[in-house]
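Q: Quick note on numbering: the sequence shown equals residues 8 to 308 in the working numbering.
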Amino acid sequence: MKAKKILQGLIATGFLACTLTFSPQADNFTQMPVAYAEAEVIDESDYPDDIPIARSDDVSKYVPPMMYLPMPDKYIRMYDEAIKKSPKDATLYCSRGIYLSCQNKYKEAIADFTTAIRLEPKFIYAYCRRANTYRLMEDYKKAIKDYTRAIESSTDSTTSSSSFEAYRMRGLIYEKMGNYDNALKNYEEAIEIFPDEPVFWENRADIYMERKQYDKAIADCTKWIEMDPEDDDAYSNRAAAYFMKNNFESAILDLNKAIELNPEGFHTGSYYFARGLCYAMLGEKIKAIASFAKANQLGYK
8 MKAKKILQGL IATGFLACTL TFSPQADNFT QMPVAYAEAE VIDESDYPDD
58 IPIARSDDVS KYVPPMMYLP MPDKYIRMYD EAIKKSPKDA TLYCSRGIYL
108 SCQNKYKEAI ADFTTAIRLE PKFIYAYCRR ANTYRLMEDY KKAIKDYTRA
158 IESSTDSTTS SSSFEAYRMR GLIYEKMGNY DNALKNYEEA IEIFPDEPVF
208 WENRADIYME RKQYDKAIAD CTKWIEMDPE DDDAYSNRAA AYFMKNNFES
258 AILDLNKAIE LNPEGFHTGS YYFARGLCYA MLGEKIKAIA SFAKANQLGY
308 K
């Protein structure tokens with residue numbers, strides 16, 4: 008009984024409300040830039056010389072091959088030469104900007120993306136890449152502005168990929184800034200355009216959890232499960248919402264499913280720990296101890 012009262016107290020104070028993320032999603036928002044300046048000396052001879060030089064007549068190629076990290080300077084030189092020959096080719100500036108950003112040369116990258124946009128004012132991908140660079144610089148207001156421009160410039164399916172990314176990243180920035188109203192509005196717009204993309208239902212559920220709107224969080228997680236029934240994160244996130252509503256039986260069912268789908272995953276220890284909390288709240292001491300022991304066995308501290 009004492010353990011149950013302690014758990015109830017934690018819920019009442021909001022402690023568990025902010026920590027019950029049983030399966031943290033991969034945080035692309037905190038994508039780490041390549042530590043180019045700290046890298047060992049690069050032997051450029053180890054890198055191929057025939058990477059494609061993107062041209063505006065083949066826009067599908069303007070994304071450089073990102074498997075070559077850290078980026079050698081010779082690729083920058085290749086684009087330097089290409090730009091000298093075609094100084095009004097926006098895609099060349101965009102591609103060079105991507106390489107510069109991978110070298111942590113953010114100001115130079117921003118300059119290239121800006122040139123690409125000046126040459127092609129509706130160059131959606133350049134807006135997204137510039138926004139991404141501002142994000143890495145933690146200049147979130149400028150990043151939001153560029154993601155918004157990318158969304159506003161999107162007109163058809165050929166730009167849907169960049170628009171999708173702009174909505175996703177803009178929402179994460181709003182969340183990081185604690186601007187949940189704008190984050191919610193962002194995801195609502197995204198769901199209207201991309202109703203079959205689970206990530207937006209997942210992210211909106213996160214906002215509802217932050218706002219303690221647990222029924223809405225459950226509804227969004229349920230929709231997420233319908234679209235991706237093999238995703239253990241979906242079940243564990245819905246379990247968190249059930250837990251906050253004191254519906255421990257439903258939370259246990261979802262955690263059991265998450266464990267079944269991913270019995271030895273990176274977050275599975277947290278599923279067992281969460282299930283132990285649920286059993287403790289129900290007064291099922293033996294099951295609670297067994298779940299906590301399994302969590303410990305899997306390295307969850």
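Note that the Cβ used here is the ideal one computed from N, Cα and C, for glycine as well.
Let me know if GLN304 comes out buried or exposed under the rule of 16 or more other beta-carbons within 10 Å of its beta-carbon.
A: Within the sequence shown, the letter at position 297 stands for residue 304. It counts as exposed.
Q: Determine the burial state of ASP153: buried for a count of at least 16 other Cβ atoms within 10 Å of its Cβ, exposed for fewer.
A: By 1-based counting over the sequence shown, the position of residue 153 is 146. With 16 or more Cβ atoms within 10 Å of its Cβ, ASP153 is classed as buried.
Q: Excluding five sequence neighbours on each side, which residues of the same chain lie with their C-beta closer than 7 Å to the C-beta of LYS252?
A: On the sequence shown, residue 252 is found 245 positions in, with the first residue counted as 1. Cβ within range, chain order: TYR221.
Q: Ordered along the chain, which non-local residues of its own chain (more than five positions away) have a Cβ less than 7 Å from that of LYS301?
A: Stepping through the sequence shown from its first residue, residue 301 is reached at position 294. Closer than 7 Å at Cβ, skipping near neighbours: TYR279.
Q: Let me know the secondary structure DSSP gives ASP153 once reduced to three states.
A: The sequence position of residue 153 within the sequence shown is 146, counting from 1. ASP153: helix per DSSP, three-state reduction.
Q: Using 8 Å as the threshold, is the region 208–219 in touch with the region 229–239, meaning 3 or more CB pairs across them?
A: These segments touch.
Q: Look up TYR307 in the DSSP assignment and say whether it is helix, strand or coil.
A: Numbered from 1 along the sequence shown, position 300 holds the residue referred to as residue 307. Here TYR307 sits in coil by DSSP.
Q: Going along the chain, which unbroken runs of the alpha helix (DSSP H) with 4 or more residues stay wholly within the region 68–145?
A: Entirely contained in the region 68–145, the alpha helix (DSSP H) runs reaching 4 residues are, in chain order, 80–92, 97–109, 113–126 and 131–143.
Q: Should ARG177 go down as buried or exposed, given a rule of 16 or more other Cβ atoms within 10 Å for buried?
A: As a first step, residue 177 must be located in the sequence shown, where it is residue number 170. Label assigned to ARG177: buried.
Q: Between the Cα of ARG282 and the Cα atoms of ASN263, THR140 and ARG136, which residue gives the shortest distance?
A: Taking the first residue of the sequence shown as 1, we reach residue 282 at position 275. Answer by Cα proximity: ASN263.
Q: Taking the alpha carbon of ASN254 as the point to measure from, which residue in LEU191, ILE151 and MET288 has its own alpha carbon closest?
A: Mapped onto the sequence shown, residue 254 falls at position 247. Minimum Cα distance to ASN254 is reached at MET288.
Q: Runs of 4 residues minimum, wholly inside the region 224–277: which ones carry the alpha helix (DSSP H) assignment?
A: Runs of the alpha helix (DSSP H) inside the region 224–277: 239–251 and 255–268.
Q: Express the C-alpha separation of SER243 and ALA258 in angstroms, rounding to a whole number.
A: For the purposes of this step, residue 258 is identified with residue 251 of the sequence shown, where counting begins at 1. For the purposes of this step, residue 243 is identified with residue 236 of the sequence shown, where counting begins at 1. Distance between the alpha carbons of ALA258 and SER243: 8 Å.
Q: According to DSSP, is CYS289 part of a helix, a strand, or is it coil?
A: Counting from one through the sequence shown, the residue named residue 289 turns up at place 282. For the sequence presented, residue 289 should be read as Leu rather than Cys. Coil at LEU289, not helix or strand.
Q: In the DSSP assignment, find the unbroken alpha helix (DSSP H) run with ARG177 in it and report its ends.
A: Looking up residue 177 in the sequence shown gives position 170. Its alpha helix (DSSP H) spans residues 167–183.
Q: Helix, strand or coil: which one does DSSP assign to PRO202?
A: Along the sequence shown, read from residue 1 onward, the residue named residue 202 stands at position 195. Correct three-state label for PRO202: coil.
Q: When the distance is taken between beta carbons, is ALA248 closer than 8 Å to ALA265?
A: Stepping through the sequence shown from its first residue, residue 265 is reached at position 258. Stepping through the sequence shown from its first residue, residue 248 is reached at position 241. Taking 8 Å as the Cβ cut-off, ALA265 and ALA248 do not qualify as a contacting pair.
Q: Once DSSP output is grouped into helix, strand and coil, what is the label at SER161?
A: Translated into positions along the sequence shown, residue 161 becomes position 154. Coil, per DSSP.
Q: In its own chain, which residues sit with a C-beta less than 6 Å from the C-beta of GLU271, not counting the 5 before and 5 after it?
A: As a position in the sequence shown, residue 271 is number 264, starting the count at 1. Taken in chain order, the list of residues that qualify is empty.
Q: Note down, in chain order, each residue of its chain lying with its Cβ closer than 7 Å to the Cβ of GLU199, except the 5 sequence neighbours on either side.
A: Locating residue 199 in the sequence shown gives position 192, counting from the first residue. Cβ within range, chain order: n/a, list empty.
Q: Distance check for ASN193 and THR357, CA to CA, integer angstroms please.
A: No statement about residue 357 is possible, as the shown extent of the chain runs from 8 to 308 and does not include it.
Q: Does the distance from the CB of ILE180 to the CB of ARG136 come in under 8 Å?
A: By 1-based counting over the sequence shown, the position of residue 180 is 173. By 1-based counting over the sequence shown, the position of residue 136 is 129. Contact flag unset, no.
Q: Less than 6 Å between C-beta atoms, sequence neighbours within five positions excluded: which residues of the same chain meet that for LYS292?
A: For this step, residue 292 is matched to residue 285 along the sequence shown. Cβ within range, chain order: n/a, list empty.
Q: Assign MET184 to buried or exposed, taking buried as 16 or more other Cβ atoms, counted over all protein chains shown, within 10 Å of its Cβ.
A: What you label residue 184 is simply residue 177 of the sequence shown in a count that begins at 1. With fewer than 16 Cβ atoms within 10 Å of its Cβ, MET184 is classed as exposed.
Q: Figure out for me which residue from LEU107, THR98, PRO94 and SER93 has the closest Cα to the Cα of TYR82.
A: Residue 82 sits at position 75 when you count from the first residue of the sequence shown. Checking every option, the nearest Cα to that of TYR82 belongs to LEU107.
Q: Does the beta-carbon of ARG175 have 16 or more other beta-carbons within 10 angstroms, so that it is buried, or is it exposed?
A: Along the sequence shown, one-based indexing puts residue 175 at 168. That one is buried.
Q: Whose C-beta lies closer than 6 Å to the C-beta of MET144 among residues of the same chain, with five residues either side of it excluded?
A: Along the sequence shown, read from residue 1 onward, the residue named residue 144 stands at position 137. TYR113, listed in sequence order.
Q: Check whether the Cβ atoms of ALA118 and TYR134 lie closer than 8 Å to each other.
A: For the purposes of this step, residue 118 is taken as the residue at position 111 of the sequence shown. For the purposes of this step, residue 134 is taken as the residue at position 127 of the sequence shown. Not closer than 8 Å, so no.
Q: Quick one, which of ALA173, ALA295 and ASP239 has its alpha-carbon nearest LEU268's?
A: Along the sequence shown, one-based indexing puts residue 268 at 261. Closest option to LEU268, Cα to Cα, is ASP239.
Q: Roughly how many whole angstroms lie between the Cα atoms of PHE201 and TYR215?
A: By 1-based counting over the sequence shown, the position of residue 201 is 194. By 1-based counting over the sequence shown, the position of residue 215 is 208. One C-alpha to the other measures close to 19 Å.
Q: Between which residues of its own chain and PHE299 is the CB-CB distance below 6 Å, once the five residues before and five after are set aside?
A: Translated into the one-based positions of the sequence shown, residue 299 becomes position 292. GLY283, listed in sequence order.
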